[in-house]
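In our numbering, the protein residues as written are 308 to 430.
Note sheet for the following structure.
As structure tokens, then:
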């Protein structure tokens, strides 16, 4: 894929792949936290997030897991939960040029924070 935005960036393929992973993980967090969730829609939501993110440029793989223990069982009306950062474990692979990175957003208990990080798979 030829990237029409290349001239707007002054960085290596690896740095651009890391940037793209961060953008996509940040968008997942900010678009989906707070959405109503229960045990009947959790799998649908996982697949919907994966499909939506897969439509973005440079994404080669997405895996979204929502912790069903934290979602719990269906509840009566007005007793639903909302998706929180500590419920999500998201992995995304980004290929830009020759670089391939894996971005991940997952809860780090010791920090009490949904940390976004990356691993370079290929430079």
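C-beta: ideal position from N, C-alpha, C; glycine also.
Owing to the predicted nature of the structure, the values given are computational and were not obtained by experimental measurement.
In this structure residue 388 touches residue 378 by the C-beta definition: roughly 6 Å separates them, less than 8 Å. Taking 8 Å as the cut-off, the beta carbon of residue 401 is found closer than this to the beta carbon of residue 366. Distance from the Cα of residue 421 is smallest, within the candidate group 428, 395, 384, 371, for 395.
Straight through space, the alpha carbons of residue 337 and residue 392 are spaced by roughly 9 Å. Bounds of the alpha helix (DSSP H) holding residue 355 are 349–361. Residue 342 sits close to residue 390, with the two beta carbons spaced by under 8 Å. Secondary structure at residue 407: strand, using DSSP grouped into helix, strand and coil. Burial state of residue 384 is exposed, judged by a 10 Å Cβ sphere holding fewer than 16 other Cβ atoms. For residue 353 against residue 371, the beta-carbon gap comes to about 4 Å, under 8 Å, which counts as contact.
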